[in-house]
Every structure is written in structure tokens, then in C-alpha cells.
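Heads up: the structure comes next, in C-alpha cells.
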Amino acid sequence: MSLAVQIRQPGGPEELHLVDVPVGEPGPGEIRIRHHAIGLNFIDVYHRTGLYPLNMPATIGMEAAGVVEAVGEGVTHLKAGDRAAYASQPPGSYCEVRVMPAKCVCRLPDAISFETGAAMMLKGLTAQYLLKKTRPVEGLEHGDHVLFHAAAGGVGLIACQWAKALGLQLIATAGTDAKCQLALANGAAHAINYRTEDFAARVKEITGGRGVKVVYDSVGKDTWDKSLDCLRPFGLMASFGNASGPVAPFAPGALGAKGSLYVTRQTLFTHIATREATQAMADDLFAVVASGQVKIHIDQRYPLAEVQQAHRDLEARKTTGSTILTL
Ligand SMILES: NC(=O)c1ccc[n+]([C@@H]2O[C@H](COP(=O)([O-])OP(=O)(O)OC[C@H]3O[C@@H](n4cnc5c(N)ncnc54)[C@H](OP(=O)(O)O)[C@@H]3O)[C@@H](O)[C@H]2O)c1
């Protein structure tokens, strides 16, 4: 048996219930993993509220680190006793121990702690594909400006540091002056408090009227329109989240009028669809963390039993960097 967080119907944080669930043996292509730490992500909120529907009752959570207890038939990259971490479907990481597909589970380098592993897999692999694979048609060169919303958050603080390591000038947005300072301290070239300043006007000012080559937008509804105004001709709007709500339908003609813009809606789970792709991206992430170029900030820790409070704080924009649930 394992303690696990279950939701019986979509709703607020009060719908997160601690229950005991049975844990079986891993089948073909599966492992059983005992968690040491669990990552909290905004996608967990979308699962809880029903924005991304799940069959009920459902367990949630997409990220954790721990020790492999058993492996099923055909699993060759992991063995019992291995330290491991993952960002993976299906939801269900808010628990002590689980059986899950092995495909997206990676061995965790000895130099990376369980807590850091749990705090960085989903967010770090996301920063990896955004900065390395989600490129504008005109390419990204040393010194180019990009705009990254919610830059003091989990994905954001990793992206600030990684963009700097890649030679990009990341313009950060964040909801308080203190969060702006945090983004700057982590490698952002500029920071804009988008609750008090007109971020599109500031981006134009910073870029000498040209605009940025890419906007990485996980805020969604509240930032969409102005984000398009920040792009230079042929620029890329990389939408990857909806913290403020989903983006409303829009007319493609607007993209022409604003300079033949490109729009993409990205999700990590397309990028980590195969074991090989997952491992290659994870190796890149492990290397940048091991080199010290990217530090993983665990700014909040909550015992698993206090998961409701963790969700309240994440949704209330009270958190910075990564948040983990401890066991
Ligand atoms: N598509 C993918 O592959 C993928 C993968 C990972 C994450 N994501 C998305 O990336 C975003 C960041 O994820 P995360 O887990 O690292 O979360 P996070 O950035 O730590 O937290 C979300 C942040 O969004 C900002 N925000 C703006 N408007 C908000 C609102 N109305 N309500 C709540 N927050 C709001 C807040 O920062 P400020 O106070 O500074 O505004 C908040 O701290 C989320 O939208 C998530 O869904 C997408």
C-alpha cells in the first residue's frame, strides 16, 4: 500500500485527499519506484481544476525522484536500487511508492540530490526544449533578445540561467519587484513587473523599437495580446501554458498584420515521447546543472500531507522557483 493524493471530482485545493492505495508489481515496461521527493507543477493545478480533464477518481503529480524497487520485463536502462527521477505521464507522482512506465524515468547522477531531481525534471526539460528546440525561423544568435513571462517561477528561474549560458538576452516579466530582482540575479538581462508596467512598451524600449525574436508565454489569457506586440517580424510566439486561463480563440489575420508572425503551442510530452529523446534531453539538463551554469532553487517545501496549502500558494502566485513535496 502507499499513501497517495487523490481527487474524486475537479475543484479547489480542498479536493486533494490523502488516501491509501494498493501498489502492485511492475508489468512489462514498468518499474516500481519509492519516492524521496515530489515536484509540484502548475499542470497539477490544471489536472485538479479539470482544465486538463482526468478520469475520476484520479491521482495527480507528474514529477518525482526516488529509488527503483523493482523492474518489469523488458526494462534494461534501470535496475532495482538505482537512484532515478522523472517527468512523466500518467499523473500520479503525489505518493510514496508507485508502479509506472519506465520510458521517461532516468537514472539520477550521484551528484544530484533527490530533492533537486524532483525539483528540476519537468521544469528543466521544459526549459531545455523551449530554449534549444523551439526556435524562430530566423534562428537565435548570441545577444538576441527573447521575452520570458513568469520568469521567477519554477520553469522561469531555470530558463533565466540557461538563456544566459546560451548567450541570449532574456527579458523577464514577473508579478512583483522582488520577483523581478530574483530573475535578474539569475541571469535575466532585464526585468519588467507586468502588474505595474506596460510590458509591450518596455520591450520596445529595451530592444530599440525592434521587438524580440521569441516570446515564451505560459501565462496565457492575460498576456497573449500584448505578447504578440512584443515580437519583431517573423517572430515566434511560443505558448506553453495558461496560468491565468486559456488563450481565447484568435483570428490568424492578426499574425499577418503584426509582421508575419509564427505561433506554436508546445507541450513537454511531445518532446519526451520516446525513451531516447527523454534521455538525450535529460543528459543535457544534468550537464548544465552539474556544471553549475543552472542552479535549481527549491524555494518552498511542504510535507505531502500539506499538499492543499502548496496548491493554494502556487495559485496565489506566492511561490518562486521550484516547490517540492517531502515524504
Ligand atoms: N507546455 C509545457 O510543456 C509546460 C511544461 C511545464 C510548465 N508549463 C507551464 O509553465 C508555467 C510555469 O509552470 P511552473 O510549474 O514553473 O509554475 P510557476 O511559474 O512557478 O508558477 C506560475 C506563475 O505564473 C504567474 N502567473 C501569472 N498570472 C497568474 C495567475 N492568474 N494565476 C497564477 N499564476 C499566475 C505567477 O508568477 P508572477 O507572480 O510572477 O506573475 C506564478 O508564480 C505554467 O503555466 C505551466 O503550466 C508548461
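The sequence shown begins at 1 in the UniProt record's numbering and counts up by one.
The C-beta atom is built at its ideal place from N, Cα and C for all residues, glycine as well.
Subject >> Residues near E179 in its chain [Cβ-Cβ closer than 7 Å; skip 5 each side] >> reply: Translated into positions along the sequence shown, residue 179 becomes position 179. With the sequence shown as reference, residue 179 is identified as Lys, and Glu is not the correct amino acid for it. Residues of the same chain with a CB within less than 7 Å of the CB of K179, apart from the 5 flanking positions on each side, are A152, T320 in chain order.
Original post:
Do D299 and ligand 1 come close, with the Cβ less than 7 Å from some heavy atom?
Top reply: The sequence position of residue 299 within the sequence shown is 299, counting from 1. No, Cβ of D299 sits at least 7 Å from all heavy atoms of ligand 1.
**OP:** Sort L122, G39, R202 by Cα distance to A159 and report the nearest one.
**Re:** For this step, residue 159 is matched to residue 159 along the sequence shown. Out of L122, G39, R202, L122 has the C-alpha closest to the C-alpha of A159.
Original post:
If you run the structure through DSSP and keep just helix, strand and coil, what is T134?
Top reply: Counting from one through the sequence shown, the residue named residue 134 turns up at place 134. Coil, per DSSP.
Original post:
Whose CA, out of G256, A127, Q308, T134, lies closest to the CA of V289?
Top reply: Against the sequence shown, residue 289 aligns to sequence position 289. Ranked by how close their Cα comes to the Cα of V289, the residues G256, A127, Q308, T134 have A127 in first place.
Original post:
Taking the alpha-carbon positions, what's the A65 to E306 distance?
Top reply: For this step, residue 65 is matched to residue 65 along the sequence shown. For this step, residue 306 is matched to residue 306 along the sequence shown. Roughly 19 Å between the two C-alpha positions.
Subject >> Three-way DSSP call (helix, strand, coil) for F42 in this model >> reply: As a first step, residue 42 is located in the sequence shown; it is residue number 42 there, counting from the start. If DSSP states are grouped into helix, strand and coil, F42 belongs with the helices.
**OP:** Along the alpha helix (DSSP H) that carries V203, what are the first and last residues, could you check?
**Re:** Taking the first residue of the sequence shown as 1, we reach residue 203 at position 203. It spans 199 to 206 - the alpha helix (DSSP H) in which V203 sits, taken as one unbroken run.
Original post:
Should M56 go down as buried or exposed, given a rule of 16 or more other Cβ atoms within 10 Å for buried?
Top reply: What you label residue 56 is simply residue 56 of the sequence shown in a count that begins at 1. By the neighbour-count criterion, in which a residue is buried when 16 or more other Cβ atoms sit within 10 angstroms of its Cβ, M56 is exposed.
**OP:** Pull up the CB-CB distance for G220 and G235, whole angstroms please, since I reckon it's below 8 Å.
**Re:** Position 220 of the sequence shown, counting from 1, holds the residue named residue 220. Position 235 of the sequence shown, counting from 1, holds the residue named residue 235. About 18 Å separates the CB atoms of G220 and G235; that is not less than 8 Å, and the two are not in contact.
Subject >> Where V212 sits in the DSSP three-state scheme >> reply: Locating residue 212 in the sequence shown gives position 212, counting from the first residue. Correct three-state label for V212: strand.
Original post:
Which of the three DSSP states, helix, strand or coil, is assigned to R317?
Top reply: Position 317 of the sequence shown, counted from the first residue, corresponds to residue 317. Coil at R317, not helix or strand.
Original post:
If residue 357 sits next to A118, beta carbons under 8 Å apart, how far is it from one beta carbon to the other, in whole angstroms?
Top reply: The structure shown has nothing for residue 357, since the chain only spans 1 to 327.
Original post:
For H47, which residues from the same chain have a beta carbon less than 8 Å from its beta carbon, with the 5 sequence-adjacent residues on both sides left out?
Top reply: In the sequence shown, counting from the first residue as 1, residue 47 sits at position 47. I7, L54, A58, I60, P91.
Original post:
Taking one C-beta from the region 158 to 175 and one from the region 254 to 267 each time, how about it: are there three or more such pairs within less than 8 Å?
Top reply: Result no; under three Cβ-Cβ pairs closer than 8 Å.
Subject >> Span separating the alpha-carbon of T173 from that of E141 >> reply: Residue 173 sits at position 173 when you count from the first residue of the sequence shown. Residue 141 sits at position 141 when you count from the first residue of the sequence shown. Near 21 Å, if we compare the C-alpha coordinates of E141 and T173.
Original post:
When you compare only the Cα positions, how much space is there between A201 and Y129?
Top reply: Residue mapping note: residue 201 aligns to position 201 of the sequence shown, counting from 1. Residue mapping note: residue 129 aligns to position 129 of the sequence shown, counting from 1. Answer to the nearest angstrom: the Cα atoms are 28 Å apart.
**OP:** Would you tell me roughly how many angstroms separate the C-alpha atoms of G187 and I31, rounded to the nearest one?
**Re:** Position 187 of the sequence shown, counting from 1, holds the residue named residue 187. Position 31 of the sequence shown, counting from 1, holds the residue named residue 31. Rounded to the nearest angstrom, the two C-alpha atoms are 38 Å apart.
Subject >> L51, buried or exposed, once every other Cβ within 10 Å from all chains shown has been counted against 16 >> reply: What you label residue 51 is simply residue 51 of the sequence shown in a count that begins at 1. By the neighbour-count rule (16 or more Cβ atoms within 10 Å), L51 is not buried but exposed.
**OP:** Determine contact between the region 255 to 265 and the region 284 to 302, defined as no fewer than three beta-carbon pairs at a distance below 8 Å.
**Re:** The region 255 to 265, when compared against the region 284 to 302, does not touch it at the 8 Å Cβ threshold.
**OP:** Pull up the DSSP beta-bridge partners for I192, would you.
**Re:** The residue you call residue 192 lines up with position 192 of the sequence shown. Per DSSP, T173.
Subject >> First and last residue of the uninterrupted alpha helix (DSSP H) at Q161 >> reply: To locate residue 161, count along the sequence shown from 1; it is residue 161. Here the alpha helix (DSSP H) through Q161 covers 154 to 165.
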